[in-house]
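Here the numbering used here is used: the first residue of the sequence shown is 13, the next is one more, and so on.
Built from N, CA and C at the ideal position, the CB exists for glycine as well.
This one's a predicted model, so the numbers in the text were calculated from it and none came from an experiment.
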Amino acid sequence: MFYGLIGFFAGIIGGMGMGGGTILIPALVLFANIDPKIAQSINLISSIPMTLMALVIHIKNKNVVFKLVVPIALFGVIGAIFGSFVANYLSSEILRKIFGAFLLLVGIFEVKKGFCQPSKKNSSQSTREE
């Protein structure tokens, strides 16, 4: 049941396009005591069906710009191959620290963006009121 809940929330986040691994990997490492390399592998294999379902819905809603997909996917595959080889030579502890630092940076950028950029809803209301 616990793993099902983790997967459910990872699927929600992944379906929104934010990457279910941001939930899945830390949850497996922190709460289920799974080695980070195993958690990353679980994330990669479980993301395939989640990604395919989300992709079908996003294509149906015309939210995909296909001319951007090819270069991103091509270089993403090259990066994935490189990252997989690098991960084999790094200890799980170093990978844990790198992933933690990455999540911290993403969180900082998101918080900064939330404070520094006015929301569209508030700015459109203020122009109507004027």
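N- and C-terminal bounds of the alpha helix (DSSP H) containing residue i
i	result
L102	No alpha helix (DSSP H) holds L102; DSSP gives it neither H nor E.
Reduced DSSP category for residue i - H, G, I as helix; E, B as strand; rest coil
i	result
N45	coil
M62	helix
A22	helix
V76	coil
Q52	helix
Close beta carbons around residue i, own chain, < 8 Å, minus the five adjacent residues each side
i	result
F20	none
L145	This structure does not reach residue 145, given that the chain is present from 13 up to 142, and the question cannot be answered.
For residue i, the nearest candidate out of the options (CA to CA)
i	options	result
P48	E122, I106, V118 and Q129	I106
V118	A51, G31 and I24	G31
F43	S58, L64, F14 and Q52	F14
I110	G23, P38 and I24	P38
A145	L36, M62 and P61	Nothing about residue 145 can be reported from this structure: the residues present for the chain run from 13 to 142 only.
G26	L64, I46, A92 and G16	L64
S58	I84, I18 and V89	I18
G23	I46, P61 and Q129	P61
M28	N73, G16 and S53	N73
Cβ-based neighbour list, residue i, same chain, cut-off 6 Å, excluding 5 preceding and 5 following
i	result
G33	N55
Same chain, Cβ closer than 7 Å to residue i, five either side skipped, listed in chain order
i	result
R108	V41 and P48
I46	L40
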